[in-house]
Structure formats: structure tokens, C-alpha cells
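In the numbering used here, the protein residues as written are 35 to 805.
Let me begin by presenting the structure, written as C-alpha cells, before commenting on it.
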């Protein structure tokens, strides 16, 4: 990308106007003065170094565009040669100063191997509106910044008289080369020690409750959140007992990789790579010498438990089958885990650290199952796990514990949950941390899959995370000092319109919300679009013109709507929502919000659906959670309501009608598309997915029915790929080089393609002082 620097302005996204000679930009609480390189917040100046402000200026004047590292360095340090670490330092200070936008998004977003983007909505201030620079900083004391040199390391020390916070210390790294496959602890430690903090930041997490004004001692115990990775897409992160290292996996197309990284450093070491597998469920042994992890072949429900030295080496296979993350006894000699057998019965198991001598200590059959890993208490006397009771609708999860001396199972907490996933004890035995969704929060999507602290012995839960993000259900770990690692999943999303040929250069942004279309996007025959959008703490339904204008919310009585579909004639919309009994069922409503009615009932969950081209039939993917095992079928329902008819095909989800209505596509095991007859569900053909392909809301037919479209990853982004039915080679439909597509749909005339796309981030964070 070429940046055109003229005067103090970059002629890119923000055009100059006759009233813009002040050179002042405003965004939210901030003013940025390009003439004197000063940044103000609420009228008070922020004493940042000029190079830091100039870095922000380059990003603001290219708002919405990705600026590469090289371009930033060239524009900010045009008069000198510097290392990339100088840019990292400036970006760190900017993130620390700016925080997050009011909608929770970061002002400065990192795109791995591509650069950085300013996400705020900045505008130039007309003449006469400039702040009085002589008075702007009078309301609050300046921050003092000094730089100290210690050998080859620079130390930046900042101190503000208005706070009692500890000085910020950031090191500037020297060039270093490290091996990606270390063979000794000495090599690993020496290499990682040369690399400095690339950027952590306090995220927008809030502690629950109304606290009184903090004393100095209170402020020293305030909850802090630091980002440990920057622009990675982290899965299953956990931390070593001493807090020095953390481990996690990444998925790149058809390959999954396991990494270990020193806490507070930005360099990482790859331990193992597994093609056509998913790595998850990482756990350190109590002595920190080993990392245990699960490797599961794509499309397979069974996995294998591996162990690998933290310093690197060859992984060793220990156990196989459907098992969970492991937890260690205090002495590190035994492991606890959950196992599922072929009959879908669940057991809490104990084995030695080599996976030998496996035995069951708790067994559950039928509709009551074990729903999480087992967490071994620090004193070794008990193991906590979740128990999911599917005899009730909806299913209810509760935390239980088993006494290791007697085998007696008792209640850990009386609270009800929708789901409990990974669970870990705090080192002092005062309670557990768990990732889940409380039953009282099930209708509030903002509180789904958060990290909670549940006290012991009181059994009272308290939400630790409150940033509006869901969290990776497998990413959790607690160090001996009580620091907690977790992985929030941030997915911004807007709707774009482009040519049906998929040319990214033709894409035009239609909406500007934070989560538009991610849970549903359908064009209407009159040229409008219907879509889901995030409104405060709810997922709501909207209808707008195809350019985003005249947007109106419909079906306002619901807090959580997803999987939006439309009658091809545009007479009604179909969506899934949560009913009063907390089940997921289908509803229909007219585009103007009238004639709202429920279509499905009972103890089944209906989520994905498809409307036939003639608008007379709806096919839904229906799950019976009261069956053992849970059954998944496709059902045909009259569009006006009535008794459903079960189709022959089983274990196939996310149906999509062919253009002529004679066939349906559905997805089996996330690995292949199955084409069946729409009349009775008889299987016609299968199309295997390319490596890494996903079809979260179905394999969509091309307008000519010659192929099916799925989403495939590529170089940190994803695109739409066509699977021809003649078995010729799959080919790309879209050619985006950044961002991720979450939804897509063709216009009724087939000339336009609407995509809901954005820039997801999934970085590991470290939370301290959360108790």
C-alpha cells in the first residue's frame, strides 16, 4: 500500500476539506492535533512522545485500512533507521492510552503478517473549533516518561502523580534468531529471554458489583488483564504452574500446531505439528516439565492423549478414545479425565501419569452424563466435575464433587448452568474457575461462555469476565500465584455487497454495526436485506435497503435470534429463538414485523432451517436432547404450522434447498456435504470438504445448482470455495486477502453476493487479582 504524505495529512481515507486547516481529528473522547503532535482526552492532554502520537496520526488518517509495519516505520521514522521493536513500543503505549472503543472493539487492531488498522470513526474538526492548547493540559498532571539504559536493554519508566500504579516497564528487544524445534531447556530459555514484551493491554473487563471508592491498598489489588498474544488465533491455552510459560494451539488450514511461549514475551516455539488434526486440551504437569494435549483427527469424535516435553521433543501417545482434558493429582503421579464409550455412557477416570491402570471413580449412564473434565483439588481429597441432566428440558448442568477416600458424590454448588466446560481449582483451595453459561444468563448472549469463579465451600458463582466476548471453552489455566489464563473470542462483523463473481474489489460495505449478519443474512426479492444485529446485550432482527439505509428492527419481543431464513417470495422470515422454557424453537414473522408465530414445540431443539422455493415447506435440523445418545434428524414442517415429517437421512445438519426445490444439501460430521431428495431424505451423492473447510450454516447451492459453496481458510483469512458436483477440482469464488466471512447469500436475481465479514481475534489473556 502506498501512503501519500502531504503536509501533516495522509491523503487516503479521510479527505481534506476547506474547513480542515486546523489539522485536528476527533474520535469519541479524544482529539488529535497533527500540528503540535498532541493527543487530548476529555480536554486534558496526554503527555505522549511525539513518535507515539505520529504513529497514531498515520493510522487515523488511514482509518479503516490496514497499514503495514514497513509503511508505519517509513512514515513515522522517515529521518532515521530503526528496528521494528520501536514500532511495537509505540503501539503498546497507544493501546494502553486509548483502551477500547465504547463498543468494546480495540481502537488499534493487529492483523497477523499484514499490519495494523485504526477502527475508530474519526473526523476533521472545522476551523474555530480547536482547543486552547495552552489550557488543555491544566486539568490533570502530566505523565513523566524517562528512558534508562541497562547494557543492551532500554527501560521505559512512566509515572503519574495522580495514581499509585507501578511504573510501566517495557524492554526494547535486540535482534535474535531462535530455533522452532528446540532440543534443550537452555536453548529455549536463552532464546526467549532475548525477546521483549510486544504488547499487552488492559482490556475492557469489569468487576461485578458496586464497590466503594478505592483506597491505595484497594487499587493495588484491582483486577488486571494483560494480552499475552498479539494477532494470533489461539485455542486451548493454559499456563504452567509457576506462571513462566503458557501453551496453546493454532489451526492453519489442514494443520494444527502446538506452541509454548514465555509469559510476557512475544516469541514462541513450535513443539509439534499435526496435519489433518485438531490439537486442544493442553495441560502442564505440576512440575512444568511436560505438556499433555489431545489430538483429534478431523471428522472423528475419538482422540488421543499425548505428552511432550515442554522443552521440545517427540510426543508420546498415552491414551485413545473420546476423552477430556486431564487434571493432575497434587503429586503429579496420577491424572483424572472424562471418558465417553461407544454407548455414549460417561465416566470420570483415574490413571497414572503414563496412562496406565485406568479405572472409573464415577459412572453415569443414560440421560445423566458427565459434562466436563475433572478438576483435582490442591489437597488431593476431591475432584470437581459437572453433571448434565437431560431428563429435564432444557438440560441442566450442576457442579458435583467426588470424595477420593470414599467415592461419595456430593453437590459442589446448588446453582444451575446451561453448560460447564473446562474447570480448574485455585491453588489456595478457595474455589474453582470454570468456563460456562449460568442458567440465569441463558437468554443474554453477552454472558454466554464466560469465565466464572465459584467459591468453596459456599458454592456461589461470580463472573470474572464481562467484556461481551464468548470464551474458548477449552482455554483455561491457573498458576500458583492465582493468575488465570483465558481466551476471549472477538468477532466484529459487517455486511458487504459485491458482484456475484466474488471479486473482492467490487465489495462495498453496507452496514457498520459490530455483529451484523453473523447469525443470519438473507436478501429479499424487493431488493432489501434482512439480517441479525447486536443491540446492547441482545441479538435482534433488522430489515434494511440493500445499501443499509432505512434499517428497522422487527420482532422486538425477543432477546436472542439466530439462523435467519426467508421465504423466496419475501412473504415471511423464519428464525430460531429461545422460548420461555429456554428451548430453541423456530418462529416466523413478516418482514414488517407482523404475524409473529411459533412453528415448533416440545423438548427438541430446532436451530438451522431452510424454506422451499415455493414457500410451502420448512425443513429444520432437529436435535432430541432427551434421547441417549442425542439424535439429530431433518424434519419437514408446513410453513403455516402443523405436524412435522421426519426425513430418512440421519446425523446430517444445516439443510439448504436446491434452487428448484427437488433436493437438499446437509452437512455430516463437519467433513462432507450430503445431497438428498427433498421429498423423503433419500441420499443421492456426497461431496467431501477440502482440508479445513467449514459449512457452519450449510453447504449453499450455486445459483445454477452445479455445485455447493463452503468456506475455506487461507493464509489467516477465509474465502468461499465451490465444490463442483461433476467432481472437478474445487475453485475459489471470492478472493479476499484479509478478514473472515461468517455468512453469505446471493441476491434473488443472482447478480449480487452479500457477505457478512469481519476481523476475528482470539488472543490469550492473563487475569490477575480476580478473587
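All C-beta atoms in this analysis are idealised placements derived from N, C-alpha and C, irrespective of residue type, glycine included.
If we count the other Cβ atoms within 10 Å of its Cβ and call it buried at 16 or more, is residue i buried or exposed?
{"i": "residue 785", "result": "exposed"}
{"i": "residue 311", "result": "buried"}
{"i": "residue 213", "result": "Confidence at residue 213 is low in this model, with a pLDDT of 31, below 50, so its placement is unreliable and the value that follows should be read with caution. So residue 213 counts as exposed."}
{"i": "residue 297", "result": "buried"}
{"i": "residue 584", "result": "exposed"}
{"i": "residue 84", "result": "exposed"}
{"i": "residue 282", "result": "buried"}
{"i": "residue 765", "result": "exposed"}
{"i": "residue 391", "result": "exposed"}
{"i": "residue 752", "result": "buried"}
{"i": "residue 498", "result": "buried"}
{"i": "residue 123", "result": "buried"}
{"i": "residue 709", "result": "buried"}
{"i": "residue 471", "result": "buried"}
{"i": "residue 796", "result": "buried"}
{"i": "residue 425", "result": "exposed"}
{"i": "residue 672", "result": "exposed"}
{"i": "residue 256", "result": "exposed"}
{"i": "residue 670", "result": "buried"}
{"i": "residue 335", "result": "exposed"}
{"i": "residue 728", "result": "exposed"}
{"i": "residue 263", "result": "buried"}
Measuring alpha carbon to alpha carbon, tell me which residue in the options is nearest residue i.
{"i": "residue 64", "options": "686, 83 and 91", "result": "91"}
{"i": "residue 308", "options": "373, 292, 322 and 635", "result": "292"}
{"i": "residue 525", "options": "699, 71 and 143", "result": "143"}
{"i": "residue 318", "options": "354, 509 and 73", "result": "509"}
{"i": "residue 736", "options": "699, 337 and 684", "result": "699"}
{"i": "residue 726", "options": "450, 284 and 400", "result": "284"}
{"i": "residue 512", "options": "159, 320, 294 and 707", "result": "320"}
{"i": "residue 667", "options": "676, 649, 639 and 650", "result": "639"}
{"i": "residue 400", "options": "618, 59 and 375", "result": "375"}
{"i": "residue 650", "options": "697, 686, 601 and 664", "result": "601"}
{"i": "residue 357", "options": "344, 348 and 385", "result": "385"}
{"i": "residue 154", "options": "434, 276, 548 and 350", "result": "548"}
{"i": "residue 593", "options": "710, 718, 561 and 475", "result": "475"}
{"i": "residue 808", "options": "103, 325 and 704", "result": "Shown here, the chain extends from 35 to 805; a query on residue 808 therefore has no answer."}
{"i": "residue 739", "options": "158, 373, 690 and 352", "result": "690"}
{"i": "residue 742", "options": "460, 59, 780 and 438", "result": "780"}
{"i": "residue 445", "options": "438, 439, 502 and 434", "result": "434"}
{"i": "residue 361", "options": "141, 347, 342 and 383", "result": "383"}
{"i": "residue 745", "options": "330, 704 and 492", "result": "704"}
{"i": "residue 554", "options": "394, 595 and 620", "result": "595"}
Could you give the C-beta distance for residue i and residue j, rounded to a whole number, given that I count them as a contact under 8 Å?
{"i": "residue 271", "j": "residue 521", "result": "5 Å"}
{"i": "residue 536", "j": "residue 803", "result": "Rounded, the Cβ-Cβ distance is 49 Å, inconsistent with contact."}
{"i": "residue 127", "j": "residue 86", "result": "5 Å"}
{"i": "residue 322", "j": "residue 274", "result": "4 Å"}
{"i": "residue 365", "j": "residue 514", "result": "In fact, because the Cβ distance is near 15 Å, the residues do not count as touching under 8 Å."}
{"i": "residue 280", "j": "residue 295", "result": "6 Å"}
Using a Cβ-Cβ cut-off of 7 Å (strictly less than) and excluding sequence neighbours within five positions of residue i, which residues of its own chain qualify?
{"i": "residue 171", "result": "Here residue 171 scores only 35 on pLDDT, less than 50, and its place in the model should not be relied on; the value that follows carries that caveat. Hits under 7 Å: 78 and 79."}
{"i": "residue 543", "result": "528 and 530"}
Using C-beta distances below 8 Å, list every residue in its chain close to residue i, excluding the 5 sequence neighbours before and after it, in chain order.
{"i": "residue 106", "result": "89, 92, 93, 121, 149 and 150"}
{"i": "residue 100", "result": "35, 145, 148, 149, 150, 151 and 772"}
{"i": "residue 545", "result": "528, 529, 551, 565, 567, 578, 582 and 585"}
{"i": "residue 464", "result": "489, 490 and 805"}
{"i": "residue 494", "result": "447, 449 and 488"}
{"i": "residue 540", "result": "532 and 533"}
Which same chain residues end up closer than 6 Å to residue i when comparing Cβ atoms and leaving out the 5 residues on each side of it in sequence?
{"i": "residue 623", "result": "589, 607 and 630"}
{"i": "residue 422", "result": "403, 405, 429 and 431"}
{"i": "residue 332", "result": "310"}
{"i": "residue 166", "result": "Residue placement at residue 166 is poorly supported in this model, since its pLDDT is 41, which falls under 50; the coordinates still yield a value, given next. Answer for residue 166: no residue qualifies."}
{"i": "residue 692", "result": "735 and 739"}
{"i": "residue 580", "result": "561 and 563"}
{"i": "residue 397", "result": "381"}
Does the ligand SAM have even one heavy atom less than 7 Å from the beta-carbon of residue i?
{"i": "residue 534", "result": "Absence of the ligand SAM from the depicted structure is noted, as is the absence of any ligand whatsoever, leaving it without description."}
Original post:
Could you give the uninterrupted runs of the beta strand (DSSP E) lying entirely in the segment 366-402, keeping only those of 3 residues or more?
Top reply: Taking 3 residues as the minimum length, the beta strand (DSSP E) runs contained wholly in the segment 366-402 are 368-374, 380-386 and 393-398, in order along the chain.
**OP:** Can you check the segment 511-576 for any beta strand (DSSP E) of at least 3 residues that lies completely inside it and give the ranges in chain order?
**Re:** 518-525, 528-533, 555-557 and 563-569
Original post:
What are the complete beta strand (DSSP E) segments, minimum 3 residues, inside the segment 631-659?
Top reply: 638-645 and 651-658
Original post:
Enumerated in chain order, which unbroken segments of the beta strand (DSSP E) with a length of 3 residues or greater are wholly contained in the segment 317-360?
Top reply: 324-331, 337-343 and 350-357
**OP:** For the segment 78-119, list the alpha helix (DSSP H) runs that are entirely contained and at least 4 residues long, ordered along the chain.
**Re:** Within the segment 78-119, the complete alpha helix (DSSP H) runs of at least 4 residues are 84-94 and 103-110.
**OP:** Could you tell me which uninterrupted beta strand (DSSP E) segments, each at least 3 residues in length, are contained entirely in the segment 595-622, listed from first to last along the chain?
**Re:** 595-600 and 607-612
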